[in-house]
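J.: Take a look at the following structure, please.
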Amino acid sequence: MVIVVKSISMSSLEQMLKSLDRARLNSEKKTSNNNKLANADPSHELASNTVTKSHALSRAYYRLGLVEKRCMEALISKLHPLRSDNDLQEIELSALEYAKTYSVSEKTAYRDVASAVEALMHRVIRADRPNGKKGKIEMTVMSFAEYKDDEGKITCGFNNRIVPHLIGLREKFSSYPLEKTVNFSSSYTWRFYELLVSWAQPKQHTDGRFMGWIDRQSVDELREMLGVPQSYRWADFQKQVLDVAQSELNQKAHIHLSIERIKTSRKITHLNIKFIEDQQTQLPLEGGETKQTKPA
1 MVIVVKSISM
11 SSLEQMLKSL
21 DRARLNSEKK
31 TSNNNKLANA
41 DPSHELASNT
51 VTKSHALSRA
61 YYRLGLVEKR
71 CMEALISKLH
81 PLRSDNDLQE
91 IELSALEYAK
101 TYSVSEKTAY
111 RDVASAVEAL
121 MHRVIRADRP
131 NGKKGKIEMT
141 VMSFAEYKDD
151 EGKITCGFNN
161 RIVPHLIGLR
171 EKFSSYPLEK
181 TVNFSSSYTW
191 RFYELLVSWA
201 QPKQHTDGRF
211 MGWIDRQSVD
221 ELREMLGVPQ
231 SYRWADFQKQ
241 VLDVAQSELN
251 QKAHIHLSIE
261 RIKTSRKITH
271 LNIKFIEDQQ
281 TQLPLEGGET
291 KQTKPA
């Protein structure tokens, strides 16, 4: 038997690579990077960007204060989840952008942006391992963060471990307009909102309404996802987390939230959560999987 091995010439290989590049560019033209292009438009408001994450990141375990959360989500909103031309090495957020987006004074914005650097660098996020593997992975959001006092801005680079949760997403992800969250006064409300978005039903199943449910959500797991201190008793958790989130989501995001408490023996161990947004309000953009069984 004679085996003929055909080698690929350098010119043929170069042509193949060029064809791949053309295909990639054509694909990206169909999904214009509005978030990135907005940075070059002085009239564009950062709040008009969308924030997109994998479900795993939305449901990860971490605790950030409101200031750090505002900076983190604003920086993420500058990425486009379906494109490869994101500048991941240096992403900037100026104090003026922060002030305009979150309706605070410039003095407050400079202070907040400067203080966010340490938290963005040192807070650890714990998420499920990819592809359904057992265990957890811990990572920081940024590989570096720098506050430029003379320019009034922070410059950051996303950790390579977290990048797959932010770009190149094709399934199991969710998106929401940044403007839906800019008025939240509690980071717990923001995190709760992200969880709801990640469990929202596909719009084609709900006549375009933002709605969904989370069946038998473990209280202990929810506390971890929201970053609630271990010292909080149920009464503290109820008053300072659940009640605040429920009120803010209703008043500021027009989301009606129902929380049913389930006891094991005498302890509240699980929650049934149902949510629906008023039809006349702007809807979040959801994608990926849905949650468990349909409620009665």
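When you line the sequence shown up against the numbering used here, it's residues 1 to 296, in that order.
Ideal Cβ placement from N, Cα and C applies to all residues, glycine included.
Who are the Cβ neighbours of valine 163 in its own chain at under 8 Å, not counting the five residues just before and after it?
T.: Leu88
J.: Report the three-state DSSP secondary structure of serine 217 (helix, strand or coil).
T.: Correcting the residue type first, residue 217 is glutamine in the shown sequence and not serine. Three-state result, glutamine 217: strand.
J.: So, with DSSP's three-state summary, where would you put alanine 245?
T.: helix
J.: Using DSSP with H/G/I as helix, E/B as strand and the rest coil, what is leucine 64?
T.: The answer is coil: DSSP assigns leucine 64 none of H, G, I, E or B.
J.: Answer with buried or exposed for isoleucine 268, where buried requires no fewer than 16 other C-beta atoms within 10 angstroms of its C-beta.
T.: exposed
J.: Taking the beta carbon of histidine 205 as the centre, do at least 16 other beta carbons fall within 10 Å, making it buried, or is it exposed?
T.: exposed
J.: So, with DSSP's three-state summary, where would you put valine 117?
T.: helix
J.: So phenylalanine 184 packs on leucine 226, CB below 8 Å; how close in whole Å?
T.: Actually they do not touch by this definition, with Cβ atoms about 13 Å apart.
J.: Quick check on the DSSP output: the alpha helix (DSSP H) that includes lysine 100 runs from which residue to which?
T.: 95-102
J.: Are at least three pairs of beta-carbons, each pair with one atom in the stretch 108-117 and one in the stretch 42-57, less than 8 Å apart?
T.: no
J.: Closer than 6 Å by C-beta to alanine 332: which residues in its own chain qualify, once you throw out the five before and the five after it? Chain order, please.
T.: Outside the displayed range of the chain (1 to 296) lies residue 332, so it cannot be described from this structure.
J.: So, are the CB atoms of leucine 93 and lysine 53 less than 8 Å apart?
T.: no
J.: DSSP beta-bridge partners for valine 51?
T.: In the DSSP output, where bridge partners are listed per residue, valine 51 has Tyr176.
J.: Under the rule that 16 or more other beta-carbon atoms within 10 Å means buried, what is alanine 235, buried or exposed?
T.: exposed
J.: I'd like to confirm the pairing. Which residues does DSSP put opposite tyrosine 232 in its beta bridges?
T.: Answer by DSSP bridge pairing: none, since tyrosine 232 is not bridged.
J.: Quick one: using the 10 Å Cβ neighbour count with 16 as the cut-off for buried, is valine 124 buried or exposed?
T.: Per the 10 Å Cβ criterion, exposed.
J.: Are the Cβ atoms of threonine 311 and histidine 122 separated by less than 8 Å?
T.: Residue 311 falls outside the range modelled here, since the chain spans only 1 to 296, and no answer is possible.
J.: Drop a sphere of 10 angstroms on the beta-carbon of proline 81, count the other beta-carbons inside from all chains shown, and report buried for 16 or more, exposed for fewer.
T.: buried
J.: Among the residues of its own chain, which have a CB less than 8 Å from the CB of valine 104, if the five just before and after it don't count?
T.: Tyr98 and Asp112
J.: With DSSP as the reference, label histidine 44 as helix, strand or coil.
T.: coil
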